[in-house]
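> Have a look at the structure that comes next, please.
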Amino acid sequence: MYSYLFIGLLLFLIGLLGSVLLKNVIKVLISIEFMILGVNINFVTFAAFCDNIEFNGFIAALFYVGLGAVELAVALYIFYLMYKKKESDNIEKYTDL
Amino acid sequence: MINNPIIFYIASVLIIGFALIALFAKDVIRSLLAAVMVFFAGALFFYILGSEYNAIIQAAIYGLAVPVIIGLSIMFCQHGGKYRGGKYRGGKDSEDKDSDNEGLLKKSNGKGFAVPYITLLCAGIFILAFVYLVMMSLVMMPDTFHIMEIPQMTPFDNVLSFARGIFIDYVWAFELVSLLLTIVIAGLSMFDGRKNV
């Protein structure tokens with residue numbers, strides 16, 4: 000169980016590192032998806048090892064997949080609108096809306 | 000649930016390695032392809048944890064649909080740019096190379112001062128993970144892989160738990176997520192119809 004949790008933690012840390020340090024907007028969004036995937040791995044791990052009856056973690060992971068897709072669609076559209084104004088994918092230029 | 004350490008190690012190396020490649024790839028397309036591999040490796044994790052439904056959803060949404068959306072946004076954002084030699088050129092982005100390179104914090108002279116620290120951090124994470132996995136395979140593996148009570152579930156139990164969770168226990172959350180998806184689709188369509196954006 001702990002090995003799966005550790006992999007989820009590593010993936011979350013990698014996503015956190017990328018979302019803080021990278022400048023490219025699309026890479027930042029991909030890093031946020033990595034963080035969501037790490038959280039989902041932890042949900043499924045806890046459900047598989049600690050909740051053998053109801054599997055609530057499976058349902059939570061399912062909801063987070065949907066919410067992650069929604070967040071990505073909205074964020075990409077906002078990025079597209081900002082890109083038309085700024086003509087750059089550098090996140091440091093997106094200081095105003 | 001597949002209780003095989005070799006599959007776990009392979010999936011772990013795949014997911015961590017491709018995640019780092021996705022972060023530090025020089026152009027966005029390679030980063031996206033590495034991210035696709037990470038998402039499929041996540042689906043493999045879900046499968047070996049016994050959640051086939053989550054694995055299918057993960058592979059279908061994150062492995063196929065999300066990369067298509069990201070790829071389309073990359074294509075839309077190339078106004079007259081050319082894809083040459085693995086880097087985007089054209090528009091204003093050809094002048095600021097820092098946006099498409101490593102993307103790390105840079106000094107005014109162009110040299111990245113954060114690169115050594117991030118490399119050390121990633122190396123530390125890798126060494127920690129390697130030591131942990133070696134220790135676990137030598138000493139702690141019986142505790143984690145064999146002694147713990149492994150859930151015995153049939154595919155029918157899996158589907159039954161999903162159906163009970165979605166349609167009985169968490170039906171309001173399920174409906175709210177459905178409503179949110181509908182609002183997003185309608186909102187994006189309204190944004191697209193606006194002229195002064």
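Which chain is which? The protein sequence lines are B and V, in order.
Under numbering that gives the first Met the number 0, the first residue of the first sequence is numbered 0, with each subsequent residue one higher.
Under numbering that gives the first Met the number 0, the first residue of the second sequence is numbered 0, with each subsequent residue one higher.
Cβ coordinates follow ideal geometry from the N, Cα and C atoms, glycine included.
Could you give the distance in angstroms between the alpha-carbon of alanine 10/V and the alpha-carbon of glycine 41/V?
Working through the second sequence from its first residue, we reach residue 10/V at position 11. Working through the second sequence from its first residue, we reach residue 41/V at position 42. If I take the Cα positions, the gap works out to 8 Å.
> Which residue marks the beginning of the alpha helix (DSSP H) containing leucine 15/B, and which one marks its end?
Taking the first sequence and counting its residues from 1, one reaches residue 15/B at position 16. That run of the alpha helix (DSSP H) goes 1-20.
> By alpha-carbon positions, which one of Leu66/B, Thr94/B, Tyr63/B ends up nearest to phenylalanine 78/B?
Taking the first residue of the first sequence as position 1, residue 78/B is located at position 79. Minimum Cα distance to phenylalanine 78/B is reached at Thr94/B.
> Consult DSSP for glycine 186/V and reduce its assignment to one of helix, strand or coil.
Numbered from its first residue, the second sequence carries residue 186/V at position 187. Here glycine 186/V sits in helix by DSSP.
> Apart from the five residues just before and just after serine 30/V, which ones in its own chain have a Cβ nearer than 6 Å to its Cβ?
In the second sequence, counting from the first residue as 1, residue 30/V sits at position 31. So the list reads Ala21, Ala24, once near-sequence residues are dropped.
> Taking isoleucine 29/B as the reference, which of Ala54/V, Tyr8/V, Ile73/V, Met189/V has the closest Cα?
Residue numbering aside, residue 29/B sits at position 30 when the first sequence is read from its first letter. Among Ala54/V, Tyr8/V, Ile73/V, Met189/V, the Cα nearest to that of isoleucine 29/B belongs to Ile73/V.
> If we count the other Cβ atoms within 10 Å of its Cβ and call it buried at 16 or more, is glycine 186/V buried or exposed?
Residue 186/V sits at position 187 when you count from the first residue of the second sequence. Glycine 186/V is exposed by the Cβ-count criterion.
> Could you tell me which of Asn39/B, Val19/B, Lys83/B sits nearest to glycine 65/B, measuring between CA atoms?
For the purposes of this step, residue 65/B is taken as residue 66 along the first sequence, with counting starting at 1. The residue with the shortest Cα to Cα distance from glycine 65/B is Asn39/B.
> Taking the alpha-carbon positions, what's the alanine 34/V to isoleucine 167/V distance?
The residue labelled residue 34/V in the question sits at position 35 within the second sequence. The residue labelled residue 167/V in the question sits at position 168 within the second sequence. Going by the C-alpha atoms only, they are around 34 Å apart.
> Is leucine 75/B near isoleucine 69/V, with beta carbons less than 8 Å apart?
Position 76 of the first sequence holds residue 75/B. Position 70 of the second sequence holds residue 69/V. Yes, they are a contact pair.
> Spatial neighbours of alanine 84/B within its chain, please: C-beta separation below 8 Å, excluding the five flanking residues on both sides.
Here residue 84/B is taken as the residue at index 85 of the first sequence, counted from 1. The sequence as given places lysine at residue 84/B; alanine does not occur at that position. Same-chain partners within the cutoff: there are none.
> For a test of the three-state rule: what should DSSP assign to asparagine 2/V, helix, strand or coil?
On the second sequence, position 3 is the one that residue 2/V refers to. Correct three-state label for asparagine 2/V: coil.
> Check whether the Cβ of isoleucine 20/V lies closer than 8 Å to any Cβ atom in chain B.
Position 21 of the second sequence holds residue 20/V. Judged by the 8 Å Cβ criterion, isoleucine 20/V is not in contact with chain B.
> Can you list, in chain order, the stretches of the beta strand (DSSP E) that have 3 or more residues and sit fully within the segment 1-59 of chain V?
As far as the segment 1-59 of chain V is concerned, it has no whole beta strand (DSSP E) run of at least 3 residues.
> Hey, would you say leucine 8/B sits closer than 8 Å to glutamate 32/B, going by beta carbons?
Along the first sequence, read from residue 1 onward, the residue named residue 8/B stands at position 9. Along the first sequence, read from residue 1 onward, the residue named residue 32/B stands at position 33. Taking 8 Å as the Cβ cut-off, leucine 8/B and glutamate 32/B do not qualify as a contacting pair.
> Might you give, ordered along the chain, the residues of its own chain that have their beta carbon closer than 7 Å to the beta carbon of isoleucine 35/B, omitting 5 neighbours on each side?
By one-based count along the first sequence, residue 35/B stands at place 36. Around isoleucine 35/B: Tyr63, Gly67.
> Looking only at its chain, what residues have a beta carbon closer than 6 Å to the beta carbon of tyrosine 46/V, apart from the 5 residues adjacent to it on each side?
If you number the second sequence from 1, residue 46/V lands on position 47. Cβ neighbours of tyrosine 46/V beyond the five flanking positions: Ala54.
> Quick check on this structure: which residue in Phe11/B, Ile25/B, Asn89/B, Phe5/B has the alpha carbon closest to the alpha carbon of valine 73/B?
To locate residue 73/B, count along the first sequence from 1; it is residue 74. Looking at the Cα atoms, Ile25/B is the closest of the given residues.
> List the residues that DSSP assigns as beta-bridge partners of asparagine 89/B.
For the purposes of this step, residue 89/B is identified with residue 90 of the first sequence, where counting begins at 1. Asparagine 89/B pairs with Asn23/B.
> Look up threonine 94/B in the DSSP assignment and say whether it is helix, strand or coil.
Position 95 of the first sequence, counting from 1, holds the residue named residue 94/B. Coil at threonine 94/B, not helix or strand.
> Would you decide whether cysteine 49/B is buried or exposed? Buried here means 16 or more other CB atoms lie within 10 Å of its CB.
Translated into positions along the first sequence, residue 49/B becomes position 50. Its Cβ having fewer than 16 others within 10 Å, cysteine 49/B is exposed.
> Please classify isoleucine 165/V as buried or exposed, where buried requires at least 16 neighbouring CB atoms within 10 angstroms.
The residue you call residue 165/V lines up with position 166 of the second sequence. Classification for isoleucine 165/V: buried.
> Identify the contact partners of isoleucine 6/B in chain V, using a Cβ-Cβ distance below 9 Å as the criterion.
Counted from its first residue, the first sequence places residue 6/B at position 7. In chain order: Phe7, Ala10, Ser11, Ile14, Ile15, Phe44, Ala128.
> Thinking just about the alpha-carbon of each residue, which of Ile6/B, Met81/B, Ser18/B, Glu86/B is nearest to the one in phenylalanine 42/B?
Your numbering for residue 42/B matches position 43 in the first sequence. Phenylalanine 42/B has its Cα closest to that of Ile6/B, out of Ile6/B, Met81/B, Ser18/B, Glu86/B.
> Just tell me which of Gly16/V, Phe44/V, Asp26/V, Val37/V has its CA closest to the CA of isoleucine 6/V.
Numbered from 1 along the second sequence, position 7 holds the residue referred to as residue 6/V. The option with the nearest alpha carbon to isoleucine 6/V is Phe44/V.
> Report the three-state DSSP secondary structure of phenylalanine 54/B (helix, strand or coil).
Counted from its first residue, the first sequence places residue 54/B at position 55. Looking at phenylalanine 54/B - three-state DSSP - the assignment turns out to be coil, as it is neither helix nor strand.
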